[in-house]
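The numbering of the sequence shown is this note's numbering, which starts it at 14 and goes up by one.
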Amino acid sequence: MICFLNGDYLPIEQARISPLDRGFIFGDGVYEVIPVYARRPFRMVEHLQRMQRSMDRIGLANPHSIEKWEALCMELIARNEGENHGLYIQVSRGVAPRDHAFPKESTPTVFMMCNPLRAAPAHWRAEGAAAITARDERWLNNDIKSTALLGNVLARQKSVEAGAVETILLREGMLTEASSSNVLIVRDGLILSPPKSNLLLPGTTFDVVIELARRHGMAHELRPITEAELRSADEIWVTSATKEVLAITRLDDQPVGEGKPGPVWRRMDRHYQDYKREVTGCEAPQA
Ligand code: PDD
């Protein structure tokens with residue numbers, strides 16, 4: 014795998030960063046994961062704009078313009094084998110003596126790599142997947158796509174140990190998001206999701222889903238969702254750049270709706286796959 018580190022393209026085994034990098038010491042950095050299908054990035058500009066926003070939120074000057082980032086992404090894709098990737102970008106506040114305060118001068122560390130993007134297993138599409146719930150114990154700035162992910166890591170591990178694919182988070186009895194995805198529910202044919210706020214990441218996949226709902230006249234509403242509404246939903250979906258739109262058919266060991274991917278999910282998934290094909294020319298139904 015060829016990665017990019019501070020201006021150089023090199024095999025990942027040869028990449029070296031200082032232990033004083035603030036990304037390592039403090040998790041002081043931001044990141045993105047851009048899906049690449051058939052070597053074409055999907056919603057790249059939207060991901061890069063969100064990265065700009067994350068940098069603005071943590072007072073980190075973006076070392077590159079959006080156009081330069083696009084060129085770097087295309088170059089990295091060209092230098093790697095494989096058709097489908099999760100293109101990872103990380104920008105940290107750079108190397109400096111350990112001190113919580115921002116260093117007066119530091120050069121951001123820029124790291125990029127292409128991870129293989131695996132197709133969703135066929136049984137997920139046929140049967141959906143299981144999730145559990147947990148208390149959202151993270152901080153109050155989850156709209157920043159920060160590399161400081163310990164809260165998300167601990168939440169995700171709970172579902173790993175329960176044999177489930179995601180941990181759906183509840184804060185004071187209200188749905189926020191999941192450990193590494195956004196959450197939408199369907200009740201009586203209406204697609205519902207919590208509005209964007211500091212409590213959750215503004216998902217690029219979520220934005221595609223809302224755009225497609227609008228385009229195809231599927232009823233949707235953004236409003237706060239209670240735990241009771243989540244537990245009695247007809248359908249639950251999780252969305253992310255790597256999972257696309259995944260139907261959750263068991264929640265805390267109880268069936269969701271009829272316990273199989275619902276009709277609204279099937280419709281949305283078809284529109285999502287069509288849109289992906291339209292944008293990337295990728296013929297495969299999945300990554
Ligand atoms: N995670 N919420 C959280 C906490 C996430 O980590 C992610 C994505 C999302 C969905 O965002 P998007 O649709 O833009 O991928 C929501 C990425 C995939 C990751 O950390 O690997």
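Yeah, the Cβ is synthetic: ideal placement off N, Cα and C, and Gly gets one too.
Reference residue i, options the options, closest by Cα
i: S193; options: G270, I157 and L243; result: I157
i: S119; options: V108, H113 and N128; result: V108
i: Y288; options: D21, V196, R263 and E224; result: E224
i: N128; options: C16, D282 and L235; result: C16
i: D34; options: V123, E83 and E80; result: V123
i: R236; options: H229, A226, S210 and G216; result: S210
i: I47; options: E83, L213, E291 and P274; result: E83
i: C86; options: E240, L18 and V196; result: L18
i: V221; options: P76, P208 and V258; result: V258
i: Q249; options: L213, L188 and L212; result: Residue identity differs from the one stated: residue 249 is Ile in this sequence, not Gln. Out of L213, L188 and L212, L188 has the C-alpha closest to the C-alpha of I249.
i: D266; options: L197, R63 and R244; result: R244
i: F37; options: R63, R106, Y22 and E80; result: R106
i: G230; options: H60, H284, L212 and V166; result: H284
i: A241; options: L183, S172, P76 and P276; result: L183
i: T293; options: M126, D41 and P54; result: P54
Contact under 9 Å by Cβ, residue i with residue j
i: P121; j: A74; result: yes
i: V199; j: A144; result: no
i: L205; j: I181; result: no
i: A135; j: N97; result: no
i: V58; j: I90; result: no
i: R52; j: T217; result: no
i: N155; j: E190; result: yes
i: A168; j: A147; result: yes
i: V251; j: V196; result: yes
i: V43; j: I71; result: yes
DSSP bridge partner residues for residue i (one or two, in chain order)
i: N93; result: Note: N93 sits in no beta bridge, so no partner.
i: P48; result: G99
i: C352; result: There is simply no residue 352 to check, as the chain begins at 14 and stops at 300 in what is shown.
i: W250; result: L197 and A260
i: Y285; result: None; Y285 has no bridge partner.
i: L205; result: I198 and E234
i: I145; result: T180
i: D21; result: L18
Contact test: residue i Cβ vs ligand 1 heavy atom, cutoff 8 Å
i: A254; result: yes
i: E150; result: no
i: S78; result: no
i: Y288; result: no
i: A226; result: no
i: S194; result: yes
i: K336; result: A question about residue 336 goes unanswered here, because the residues of the chain that appear run from 14 up to 300.
i: Y285; result: no
i: N19; result: no
i: N165; result: yes
i: R301; result: Nothing about residue 301 can be read from this structure; the chain reaches only from 14 to 300.
i: V43; result: no
i: K158; result: yes
i: H60; result: yes
i: F219; result: yes
i: R184; result: no
i: G40; result: no
i: L214; result: yes
i: N211; result: no
i: V46; result: yes
i: G36; result: no
i: L6; result: The structure shown does not extend to residue 6, since the chain spans only 14 to 300, so no value can be given for it.
i: A28; result: no
Exposed unless 16 or more other CB atoms sit within 10 angstroms - verdict on residue i
i: W278; result: buried
i: Q170; result: exposed
i: S31; result: exposed
i: A300; result: Residue placement at A300 is flagged as unreliable, the pLDDT there being 44, under the threshold of 50; the coordinate-derived value follows with that caveat. Buried, since its Cβ has 16 or more Cβ neighbours within 10 Å.
i: Q103; result: buried
i: G176; result: exposed
i: I261; result: buried
i: P274; result: buried
i: M281; result: buried
i: Q27; result: exposed
i: K81; result: exposed
i: Q62; result: exposed
i: R305; result: Outside the displayed range of the chain (14 to 300) lies residue 305, so it cannot be described from this structure.
i: L139; result: Contrary to the premise, residue 139 reads as Ala rather than Leu in this sequence. So A139 ends up on the exposed side.
i: L153; result: exposed
Short CB-CB distance (under 9 Å) between residue i and chain B
i: N165; result: Here chain B cannot be found, since the structure has a single protein chain.
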